[in-house]
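Chemist: In the working numbering, the protein residues as written are -11 to 207. Ideal Cβ positions, reconstructed from N, Cα and C, are used throughout, including at glycine. Sharing a structure below in structure tokens format, with a few things to ask.
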Amino acid sequence: MERIQQEQNSSSLQDNKDMLISRLREEHRKELENLTLVTQPLKTLKYFGLSIAHFALQLFARSGKLLLPISGLAAHVHELLSYLQFGLWWLALGVASSIGLGSGLHTFVMYLGPHIALFTLKVVQCGRIDIKEAPYDTIQFNSCPSWLEENCSAFGPPLFSSWEGSRVPLTRILPQIQLEAVLWGIGTALGELPPYFISRTGTLNFKFYYSYSYLVAEV
């Protein structure tokens, strides 16, 4: 009898555990269905960032970069931080341009536009497109790009000679500056999200108040 009782208790515990797991899975499924940029923008962006970080760590592990010596690892960490600083800089400029901060600030006119113009002039002057040390070699914070003050001879002989009628094609210049332009554009879109959600909340509240007032008047 005692053994039968123990088996029944064990079976009951297993059933409770299965029910709990099923309930947790159902709650998780519902949470995933509601996890969108419209309903939960901050949480969605947070999980997106965590997923990107997890994928990057897996990529580094598979390529063997985590097995590099400390000196080599430090160089890769510095490179990663440079890319992060580059991305945050242009995203922040895009957000600032969208928000304006009450002063009509437009960071395209102040930063992105001059950067594109200076890079294009330098490329045409030197006849080369490979003047950047890295994709993040742009105007950032209070620092200038390395290519801005360099003499054209430091980059090597020109690949496109203007005096021979061979101009640098626009299609060759565009890929060199499109990353910062895209990041700036994403920043402007992100800067429009808070006003959108505030307006949406106000509209929904107004509709609810109007419906409530209509029902009260009918009663």
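With DSSP as the reference, label S131 as helix, strand or coil.
Modeler: Counted from its first residue, the sequence shown places residue 131 at position 143. Note: S131 maps to strand in three-state DSSP.
Chemist: I127: buried (16+ other C-beta within 10 angstroms of its C-beta) or exposed?
Modeler: On the sequence shown, position 139 is the one that residue 127 refers to. Looking at its Cβ environment, which holds 16 or more other Cβ atoms inside 10 Å, I127 is buried.
Chemist: Since I believe H103 is in contact with E168 (beta carbons under 8 Å), could you give me their beta-carbon distance rounded to a whole number of angstroms?
Modeler: Here residue 168 corresponds to residue number 180 of the sequence shown, with the count starting at 1. Here residue 103 corresponds to residue number 115 of the sequence shown, with the count starting at 1. With 8 Å as the limit, E168 and H103 qualify as a contact, their Cβ atoms being about 7 Å apart.
Chemist: How would you label G101, buried or exposed, when you count the other beta carbons within 10 angstroms and need 16 or more for buried?
Modeler: Numbered from its first residue, the sequence shown carries residue 101 at position 113. Per the 10 Å Cβ criterion, exposed.
Chemist: Taking the CB atoms as reference points, tell me whether L23 and W172 lie closer together than 8 Å.
Modeler: Translated into positions along the sequence shown, residue 23 becomes position 35. Translated into positions along the sequence shown, residue 172 becomes position 184. No, Cβ-Cβ distance for L23 and W172 is not below 8 Å.
Chemist: Using the three-state DSSP reduction, which class does Q28 fall into: helix, strand or coil?
Modeler: Translated into positions along the sequence shown, residue 28 becomes position 40. Looking at Q28 - three-state DSSP - the assignment turns out to be coil, as it is neither helix nor strand.
Chemist: To the nearest whole angstrom, what separates the beta carbons of C114 and C140, a pair I think is in contact under 8 Å?
Modeler: Along the sequence shown, one-based indexing puts residue 114 at 126. Along the sequence shown, one-based indexing puts residue 140 at 152. Indeed they touch by this definition, with Cβ atoms about 4 Å apart.
Chemist: Ignore the nearest five residues each way along the sequence and tell me which others in S85's own chain have a CB closer than 8 Å to its CB.
Modeler: In the sequence shown, residue 85 corresponds to position 97, counting from 1. Around S85: L93, H94, T95, F96, W172, G175, T176, G179.
Chemist: Are W77 and F129 close, meaning C-beta to C-beta below 8 Å?
Modeler: Reading the sequence shown from its first residue, position 89 is the one you call residue 77. Reading the sequence shown from its first residue, position 141 is the one you call residue 129. Yes, the Cβ-Cβ distance between W77 and F129 is below 8 Å.
Chemist: Taking Cβ positions, are I119 and F143 nearer each other than 8 Å?
Modeler: For the purposes of this step, residue 119 is taken as residue 131 along the sequence shown, with counting starting at 1. For the purposes of this step, residue 143 is taken as residue 155 along the sequence shown, with counting starting at 1. Against a cut-off of 8 Å, the Cβ pair of F143 and I119 comes out as a contact.
Chemist: DSSP on N4, reduced to helix/strand/coil?
Modeler: Here residue 4 corresponds to residue number 16 of the sequence shown, with the count starting at 1. Helix.
Chemist: Looking at the structure shown, is L192 part of a helix, part of a strand, or coil, going by DSSP?
Modeler: On the sequence shown, position 204 is the one that residue 192 refers to. Three-state result, L192: helix.
Chemist: Mind reading off the beta-carbon distance from I117 to V156? Whole number of angstroms is fine, and I expect it under 8 Å.
Modeler: In the sequence shown, counting from the first residue as 1, residue 117 sits at position 129. In the sequence shown, counting from the first residue as 1, residue 156 sits at position 168. With 8 Å as the limit, I117 and V156 qualify as a contact, their Cβ atoms being about 6 Å apart.
Chemist: From the DSSP output, in three-state form, read off L54 for me.
Modeler: The count along the sequence shown starts at 1 and reaches residue 54 at position 66. Interpretation of L54 is limited by its pLDDT of 49, a score under 50 that renders its predicted location unreliable; the figure taken from the coordinates is listed afterwards. Here L54 sits in helix by DSSP.
Chemist: Tell me the residue span of the alpha helix (DSSP H) that contains I104.
Modeler: Working through the sequence shown from its first residue, we reach residue 104 at position 116. Unbroken alpha helix (DSSP H) run through I104: 101 to 114.
Chemist: Can you tell me the Cα-Cα spacing of K18 and W135, whole angstroms?
Modeler: In the sequence shown, the residue the question calls residue 18 occupies position 30. In the sequence shown, the residue the question calls residue 135 occupies position 147. Each residue's Cα considered, the two are about 52 Å apart.
Chemist: Grouping DSSP H, G and I as helix and E and B as strand, with all else coil, what is S187?
Modeler: Along the sequence shown, one-based indexing puts residue 187 at 199. In this structure, S187 counts as helix in the three-state DSSP scheme.
Chemist: Does the distance from the CB of P29 to the CB of L181 come in under 8 Å?
Modeler: Here residue 29 is taken as the residue at index 41 of the sequence shown, counted from 1. Here residue 181 is taken as the residue at index 193 of the sequence shown, counted from 1. Yes, the pair counts as a contact, with Cβ atoms nearer than the cut-off.
Chemist: So, for E138: in the same chain, excluding its five sequence neighbours on each side, which residues have a beta-carbon less than 8 Å away from its beta-carbon?
Modeler: For the purposes of this step, residue 138 is taken as residue 150 along the sequence shown, with counting starting at 1. Excluding residues within five positions, the ones whose Cβ falls inside 8 Å are I119.
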